[in-house]
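One structure is given below, encoded as structure tokens.
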Amino acid sequence: MSDNVTKETHSFQTEVKQLLHLMIHSLYSNKEIFLRELISNASDAVDKLRFEALANDALYEDDSDLRVRITFDKDAKTITIDDNGIGMTHDDVINNLGTIAKSGTAEFLSKLSGDQKKDAHLIGQFGVGFYSSFIVADKVTVVTRKAGQPADQAVIWESAGDGEFSVEATEKTSRGTSITLHLKNDQEEFADGWRLRNLVRKYSDHISVSVELPKEHYGEEEEKPEAPEFEKINTATALWTRSKADIPDEEYQEFYKHISHDFADAASWSHNKVEGKLDYTSLLYVPSKAPFDLWNRDVARGLKLYVQRVFIMDDAEQFLPLYLRFIKGVVDSNDLSLNVSREILQKDQAVDSMKSALTKRVLDMLEKMAKKEPEKYQQFWDEFGQVLKEGPAEDFANKEKIASLFRFVSTQSDSDKATVGLKDYVERMPAEQDKIYYIVADNLAAAKASPHLEIFRKKNIEVLLLTDRIDEWMTGHLSEFDGKKLADITKGDLDLGAIESEDDKKAQKEAEEKLEPLLKRVKDLMQSEVQDVRLTHRLTESPACLAVGEHDMGEQMRKIMEAAGQAVPDNKPFLELNPDHPMINKIDQEVDEDRFKDLVWLIYEQARISEGRTLKDPSAYVSRINKLMLELSA
Numbered sequence: 001m002s003d004n005v006t007k008e009t010h011s012f013q014t015e016v017k018q019l020l021h022l023m024i025h026s027l028y029s030n031k032e033i034f035l036r037e038l039i040s041n042a043s044d045a046v047d048k049l050r051f052e053a054l055a056n057d058a059l060y061e062d063d064s065d066l067r068v069r070i071t072f073d074k075d076a077k078t079i080t081i082d083d084n085g086i087g088m089t090h091d092d093v094i095n096n097l098g099t100i101a102k103s104g105t106a107e108f109l110s111k112l113s114g115d116q117k118k119d120a121h122l123i124g125q126f127g128v129g130f131y132s133s134f135i136v137a138d139k140v141t142v143v144t145r146k147a148g149q150p151a152d153q154a155v156i157w158e159s160a161g162d163g164e165f166s167v168e169a170t171e172k173t174s175r176g177t178s179i180t181l182h183l184k185n186d187q188e189e190f191a192d193g194w195r196l197r198n199l200v201r202k203y204s205d206h207i208s209v210s211v212e213l214p215k216e217h218y219g220e221e222e223e224k225p226e227a228p229e230f231e232k233i234n235t236a237t238a239l240w241t242r243s244k245a246d247i248p249d250e251e252y253q254e255f256y257k258h259i260s261h262d263f264a265d266a267a268s269w270s271h272n273k274v275e276g277k278l279d280y281t282s283l284l285y286v287p288s289k290a291p292f293d294l295w296n297r298d299v300a301r302g303l304k305l306y307v308q309r310v311f312i313m314d315d316a317e318q319f320l321p322l323y324l325r326f327i328k329g330v331v332d333s334n335d336l337s338l339n340v341s342r343e344i345l346q347k348d349q350a351v352d353s354m355k356s357a358l359t360k361r362v363l364d365m366l367e368k369m370a371k372k373e374p375e376k377y378q379q380f381w382d383e384f385g386q387v388l389k390e391g392p393a394e395d396f397a398n399k400e401k402i403a404s405l406f407r408f409v410s411t412q413s414d415s416d417k418a419t420v421g422l423k424d425y426v427e428r429m430p431a432e433q434d435k436i437y438y439i440v441a442d443n444l445a446a447a448k449a450s451p452h453l454e455i456f457r458k459k460n461i462e463v464l465l466l467t468d469r470i471d472e473w474m475t476g477h478l479s480e481f482d483g484k485k486l487a488d489i490t491k492g493d494l495d496l497g498a499i500e501s502e503d504d505k506k507a508q509k510e511a512e513e514k515l516e517p518l519l520k521r522v523k524d525l526m527q528s529e530v531q532d533v534r535l536t537h538r539l540t541e542s543p544a545c546l547a548v549g550e551h552d553m554g555e556q557m558r559k560i561m562e563a564a565g566q567a568v569p570d571n572k573p574f575l576e577l578n579p580d581h582p583m584i585n586k587i588d589q590e591v592d593e594d595r596f597k598d599l600v601w602l603i604y605e606q607a608r609i610s611e612g613r614t615l616k617d618p619s620a621y622v623s624r625i626n627k628l629m630l631e632l633s634a
């Protein structure tokens, strides 16, 4: 090593500073999780070495006994977590310990409020890893060397968590990483063998690598060795390889937290071993809370992949479709090559078979939750429902199964939180109803206030109220369910089929004949604004409404595309008039041409407003209103 060693001082990334401050204050009540996080990171480092060594066993450096060791010094008030895993280079240290490489970090931090309970939950979704050290330590020292690098290529990283960290070169004869926590004065309880043993068994028993502590409690006649002897504290057996009957729920939950870095328990899990044409084991978890970056489809995500219990990669996205990207878990195969790469995975037929089976397993798990634990499923739906709605477009083979998991508020819901599934909707449809009716709106209030619902309320027909941004796109790929067509009540010429009586149809025909001159007169006036003007039977209280063509883009999708800066086709709406409304009769009898124009424009603009559309000329609308008010008061 060169005698001219320079000590570099760096500032933490702004987001790291914020996270450190908030985490130390918000997670103080759950401070013991620091050990779980550090052992988890050490275990990952060991897994990565084992994988790299498949191609280059020289990386073992004559030390293939992989382990994590924890030592402590009560007098010095320190704890050291040491692993002989892959280790880090100088650049790795700066990138991994000085920045947070998660996309959307700034948005995540903006949601933190200073409320400890709320922030602890959010930070748990984010995952804190190494930085949890500062919950109990006022200084952290990391000494690390990358496997395969010379001893003088080691690095010391040190920080008091105050905004800066230092990095300098050093020597380290063994590969891997050693993290020493200099405990705060009120955190000395952790520099204790009994306490550390209990924490390892509580949080890390499932870790497949051996976690070791120095032996203690020597008898009076037993001579204490000069060098400490270490003993394994955890089971050190890959949890998914054990029998389900031997694994308590607590261990399943701790393993979930290990692989997900989540603080909350999982909502559900499925542990399954497949034997036959393919041999593999899967352990899949449904989280209880959505991660902050769920909507970023480009973030690395997927299952942890093992081949014959050898770790291969963290984010194997090939085993589940993107709409199930929230699922966490492990898949361990006996049939894939140990040197698999992402390219090989994409071409492997075994992977396709496993993906199909694992997707079905997740959907079955959700279906079981929906049937047996509806309240828990509703919580899941509130967190992940919008992502699941991507399914019909991405997974044609499971379209019906995915749709059966959807939940919507409807016109028959007791509250804004009460939802109905499509199966239940179909079961309670009147015998003469042959369609599943829905309306898409920006929010529930707008959906409930839509004039399009008027005829459905009159005839007591249930309508689903779709208010998520993804809904119109989703229904474009889900045209039917259980043999029943899904029908948007705002599109096309409403056809209620057998629900309408012969008397209804006769009245509609008579009205069309009677008001044909009015329709022509309104159409001549509004031809620049609308495709056509027609009478409607969908209104019972409002004078008019707007409808779009059967295959035209709805207002919700139009707004989304415009907000994204995309070109939107200029599809004019249809103006539909209620022949039974007094306003329409008044317009029909109006002989003053200017007054006729004002009245027609007013009902058109009011229809636009009720549809959530903007007015092209708000001042002209106000002027017309004022003019009519003055006439009425005269």
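With UniProt numbering, the residue at position 271 of the sequence shown is 271, and numbering never jumps. In this text, a Cβ means the ideal position worked out from N, Cα and C, and glycines have one as well.
Subject >> Spatial distance of E480 from T411 (CA atoms) >> reply: Counted from its first residue, the sequence shown places residue 480 at position 480. Counted from its first residue, the sequence shown places residue 411 at position 411. Roughly 20 Å between the two C-alpha positions.
Subject >> Own chain, CB closer than 6 Å to residue 657, minus 5 neighbours either side, in chain order >> reply: The question about residue 657 has no answer here: the residues shown for the chain are numbered 1 through 634.
Original post:
How is M313 classed by DSSP in three states: helix, strand or coil?
Top reply: Here the question's residue 313 lines up with position 313 in the sequence shown. DSSP places M313 in strand when its eight states are reduced to three.
Original post:
Per DSSP, G87 forms a beta bridge with which residues?
Top reply: Counting from 1 along the sequence shown, the entry for residue 87 is found at position 87. In the DSSP output, where bridge partners are listed per residue, G87 has none listed.
Original post:
Do T80 and I207 come within 8 Å of each other at the CB atom, strictly closer than that value?
Top reply: Numbered from its first residue, the sequence shown carries residue 207 at position 207. Numbered from its first residue, the sequence shown carries residue 80 at position 80. No, the pair does not count as a contact, with Cβ atoms beyond the cut-off.
**OP:** Indicate whether the contact test is met: 3 or more Cβ pairs, each with one atom in the segment 531-551 and one in the segment 597-611, closer than 8 Å.
**Re:** yes
Original post:
Is it true that the CB of L515 sits closer than 8 Å to the CB of P579?
Top reply: Within the sequence shown, the letter at position 579 stands for residue 579. Within the sequence shown, the letter at position 515 stands for residue 515. Contact flag set, yes.
**OP:** Grab me the residues of D442's own chain with a C-beta within less than 8 Å of its C-beta, minus the 5 sequence neighbours each way, in chain order.
**Re:** What you label residue 442 is simply residue 442 of the sequence shown in a count that begins at 1. Same-chain partners within the cutoff: T467, Q556, K559, G612.
**OP:** Tell whether a beta-carbon distance below 8 Å holds between S394 and P321.
**Re:** Here residue 394 refers to the residue found at position 394 when the sequence shown is read from its first residue. Here residue 321 refers to the residue found at position 321 when the sequence shown is read from its first residue. First, the amino acid is wrong: residue 394 is Glu here, not Ser. For E394 and P321, yes; Cβs fall inside 8 Å.
**OP:** Report yes if the CB atom of Y285 is closer than 8 Å to the CB atom of I312, and no otherwise.
**Re:** Residue 285 sits at position 285 when you count from the first residue of the sequence shown. Residue 312 sits at position 312 when you count from the first residue of the sequence shown. No; because the gap between Cβ atoms is not below 8 Å, this pair is not in contact.
Original post:
So, is H551 buried or exposed, given that buried needs 16 or more other C-beta atoms within 10 angstroms?
Top reply: The count along the sequence shown starts at 1 and reaches residue 551 at position 551. Label assigned to H551: exposed.
Original post:
Is the beta carbon of A245 within less than 7 Å of some heavy atom of the ligand ADP?
Top reply: Because no ligand of any kind appears in the structure shown, any question about the ligand ADP cannot be addressed here.
Subject >> CB contact flag (I587, V600, <8 Å) >> reply: On the sequence shown, position 587 is the one that residue 587 refers to. On the sequence shown, position 600 is the one that residue 600 refers to. The answer is yes: Cβ separation under 8 Å.
Original post:
Helix, strand or coil for T141 per DSSP?
Top reply: As a first step, residue 141 is located in the sequence shown; it is residue number 141 there, counting from the start. Note: T141 maps to strand in three-state DSSP.
**OP:** Identify whether K7 lies in helix, strand or coil by the three-state DSSP scheme.
**Re:** On the sequence shown, residue 7 is found 7 positions in, with the first residue counted as 1. It is coil, neither helix nor strand.
Original post:
Nearest-angstrom Cα distance between E229 and E158?
Top reply: For the purposes of this step, residue 229 is taken as residue 229 along the sequence shown, with counting starting at 1. For the purposes of this step, residue 158 is taken as residue 158 along the sequence shown, with counting starting at 1. Approximately 28 Å, taken between the alpha carbons.
Original post:
How about the segment 366-379 and the segment 265-282: do they share at least three Cβ pairs that are nearer than 8 Å?
Top reply: Touching, yes, given that three or more Cβ pairs across the two stretches are closer than 8 Å.
Original post:
Just checking, does the segment 84-96 make contact with the segment 137-154 on the three C-beta pairs under 8 Å criterion?
Top reply: They touch, by the three-pair rule.
Original post:
If you draw a straight line from the C-alpha of K7 to the C-alpha of K304, how long is it?
Top reply: Position 7 of the sequence shown, counted from the first residue, corresponds to residue 7. Position 304 of the sequence shown, counted from the first residue, corresponds to residue 304. Approximately 37 Å between the Cα atoms of the pair.
Original post:
Is S415 buried or exposed, if buried means 16 or more other CB atoms sit within 10 Å of its CB?
Top reply: As a first step, residue 415 is located in the sequence shown; it is residue number 415 there, counting from the start. S415 is exposed by the Cβ-count criterion.
Subject >> Opening and closing residue of the beta strand (DSSP E) in which Y280 lies >> reply: On the sequence shown, position 280 is the one that residue 280 refers to. Unbroken beta strand (DSSP E) run through Y280: 280-287.
Original post:
Which word fits D617, buried or exposed, when buried means at least 16 other C-beta atoms lie within 10 angstroms of its C-beta?
Top reply: Here the question's residue 617 lines up with position 617 in the sequence shown. Flag for D617 reads exposed.
Subject >> Cα-Cα separation, F396 to S243 >> reply: By one-based count along the sequence shown, residue 396 stands at place 396. By one-based count along the sequence shown, residue 243 stands at place 243. In a straight line, the C-alpha of F396 is about 35 Å away from that of S243.
**OP:** Taking 8 Å as the threshold, find out whether the segment 178-192 comes into contact with the segment 135-145 through three or more Cβ pairs.
**Re:** yes
Original post:
Taking DSSP as the reference, what is the three-state secondary structure of F408?
Top reply: Translated into positions along the sequence shown, residue 408 becomes position 408. Three-state result, F408: strand.
**OP:** Return the chain-ordered list of same chain residues with a C-beta closer than 6 Å to the C-beta of L366, the five sequence neighbours on each side being excluded.
**Re:** Here residue 366 is taken as the residue at index 366 of the sequence shown, counted from 1. The residues L405, in chain order, have a CB closer than 6 Å to that of L366 in the same chain once the five nearest residues on each side in sequence are set aside.
Subject >> Residues near G193 by beta carbon distance below 8 Å, same chain, minus five either side >> reply: As a working note, residue 193 is residue 193 in the sequence shown. So the list reads F72, L213, P214, E216, once near-sequence residues are dropped.
Subject >> Given S43 as reference, the closest of L66, D62, E32 once Cα atoms are compared >> reply: Position 43 of the sequence shown, counted from the start, is the residue given in the question as residue 43. The option with the nearest alpha carbon to S43 is L66.
Original post:
For R457, does the count of other Cβ atoms within 10 angstroms reach 16, so buried, or fall short, so exposed?
Top reply: For the purposes of this step, residue 457 is taken as residue 457 along the sequence shown, with counting starting at 1. A residue is called buried when at least 16 other Cβ atoms come within 10 angstroms of its Cβ; R457 does not meet this threshold and is exposed.
**OP:** Pick helix, strand or coil for T14, following the three-state DSSP scheme.
**Re:** Within the sequence shown, the letter at position 14 stands for residue 14. The answer is helix: DSSP assigns T14 an H, G or I state.
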